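Structure record follows, encoded as structure tokens.
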Amino acid sequence: GAASKEGYRHFMLKEIYEQPQVIAATLEGRLSDRHVLVNSFGTEAEPLFGQVRQIHVIACGTSYHAGMVARYWLEKYAGVPTQVEVASEYRYREVVVPDGTLFVTLSQSGETADTLAALRFAKERGYVGSLAICNVPGSSLVRESDLTLMTQAGPEIGVASTKAFTTQLVALMLLTLSLGRVRGMDEADETRIVQSLRALPRLIGQVLALDGDIERLSTEFAEKHHALFLGRGAHFPIALEGALKLKEISYIHAEAYPAGELKHGPLALVDSEMPVISVAPNDELLDKLKSNLQEVRARGGELFVFADEQANLKESEGVRVLRLPHVDDALAPILYTLPLQLLSYHVAVLKGTDVDQPRNLAKSVTVE
Ligand code: G6P
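First residue of the sequence shown: 244, per full-length UniProt numbering; consecutive thereafter.
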């Protein structure tokens, strides 16, 4: 029957809250004790993955941000050189395809015109094969790719993508571990990440329990016209995704920067009217991020930091800190997506916009 909000005020909120279940569903049957089952990508996957020397990832919108996160993972854990590009650029340029390159598309709908055109273009260019990570069974992208891995997000109705994104990230970690295995990834890392994946739905549930705190924070944004999101490493794409969510549904102008680029331009924009949102998991880049945050504070910027409960970051005048449960570094980008989704959602509700159907946007862009 017709999709129902099941008591939630908006589909977007329902879909944010479904993330523990749909992430568990995306992992279901794809893990053994200590490994990812490579045949989750199909019976042809194992021989094909053995030939892969590099990867091109192509997507649009939120799916593109998932690809950007995957680049950090694929290079760090699997040692596979990876390039990520938006489909609308890729399909119109002269692309050099080195031997042994795997072509990967990411798409919630499997019907995005530019992504589909990119796949068709890629077929003529000597890739070792194509893989689609997609949420809609039987979609064009799924039918036309050599390998597929379905995200199990279920129907996503809200135009602003939420659960499709986090399940794509889970699928991309499965890809990273599968390729890592073939390429001799450190087994201790592999086992640790597999165990952390199993614990992820429960951790996501703990982040959802912070919703009330995030809703209170959102009141500080409703009157603002601009916002700046900062992240480093694999959290730079998460900052991009946070900014995209805020733009899409609250119509507040938002930009994201890798925190180290702040001093090369955006710092000039920072004042008390420009809230700065930062994701600060407790990884090796935290100290660098802390000094970036001081640069913002010194210019009177109001800071909102989502930090690991183990990060030694204190609240002070102009610095609000919201603590997230500790998570394995490898999976932090998934967990830190949630507070940014909730923040945008609550800001949009305060502003009274049409959360599920933002102006000028479509769920699936099937024409160029
Ligand atoms: C549209 C949607 C976005 C989505 C993008 C790519 O712009 O509004 O939420 O991320 O298309 O869609 P896809 O279905 O290919 O992931």
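Ideal placement from N, C-alpha and C gives every residue a C-beta, glycine not left out. Since this is a predicted model, take the numbers as computed values, not measurements.
Annotated three-state conformation of residue 521 is strand, per DSSP.
Boundaries of the alpha helix (DSSP H) around residue 478: 478-493.
DSSP, read as helix, strand or coil, puts residue 552 in coil. Per the coordinates, the alpha-carbon of residue 377 lies some 8 Å from the alpha-carbon of residue 411. For the pair residue 503 and residue 531, the CB atoms are nearer than the 8 Å cut-off. Residue 371 sits close to residue 343, with the two beta carbons spaced by under 8 Å. Approximately 5 Å separates the beta-carbon atoms of residue 576 and residue 477; this is inside 8 Å, confirming the contact. Nearest in C-alpha terms to residue 409, of all of 355, 485, 473, 460, is 485. When DSSP states are grouped into helix, strand and coil, residue 426 belongs to the coil group. DSSP places residue 567 inside the beta strand (DSSP E), whose first and last residues are 562-567. Residue 559 counts as exposed, since fewer than 16 other beta carbons sit within 10 angstroms of its beta carbon. Leaving aside the five residues that flank residue 321 on each side, the residues in its chain whose CB is nearer than 7 Å to its CB run, in chain order, 419, 422, 423, 426, 428. Taking the Cα of residue 383 as reference, the smallest distance to any Cα among 519, 468, 466, 361 is reached at 361. Membership of residue 328 in the beta strand (DSSP E) is indicated by the continuous run 325-329. Membership of residue 375 in the beta strand (DSSP E) is indicated by the continuous run 372-377.
Bounds of the alpha helix (DSSP H) holding residue 307 are 304-320. Judged by DSSP in its simplified three-state form, residue 498 adopts strand. About 5 Å separates the beta carbons of residue 345 and residue 298, which is inside the 8 Å limit, making them a contact pair.
Counting every other CB atom within 10 Å of its CB across the protein chains shown gives residue 315 a total of 16 or more, marking it as buried.
Shown here, residue 546 sits in a strand according to DSSP, grouped into three states. Around the beta-carbon of residue 610, fewer than 16 other beta-carbon atoms lie within 10 Å, marking it exposed. Beta-bridge partners of residue 474 (DSSP): 501. The Cβ atoms of residue 433 and residue 308 lie no closer than 8 Å to each other.
By the criterion of a C-beta distance shorter than 7 Å, residue 591 is surrounded in its chain by 492, 493, 598, once the five residues flanking it on both sides are discounted. About 7 Å separates the beta carbons of residue 460 and residue 565, which is inside the 8 Å limit, making them a contact pair. Residue burial is scored here from C-beta neighbours: residue 603 has fewer than 16 other C-beta atoms within 10 angstroms and is therefore classed as exposed. The shortest C-alpha to C-alpha distance from residue 468 to any of 490, 457, 482, 481 is the one to 490. DSSP places residue 347 inside the beta strand (DSSP E), whose first and last residues are 344-350.
For the pair residue 265 and residue 350, the Cα-to-Cα distance works out to about 16 Å. For residue 297, the three-state secondary structure derived from DSSP is strand.
Secondary structure at residue 340: coil, using DSSP grouped into helix, strand and coil.
Residues of the same chain with a CB within less than 8 Å of the CB of residue 514, apart from the 5 flanking positions on each side, are 542, 543, 544 in chain order.
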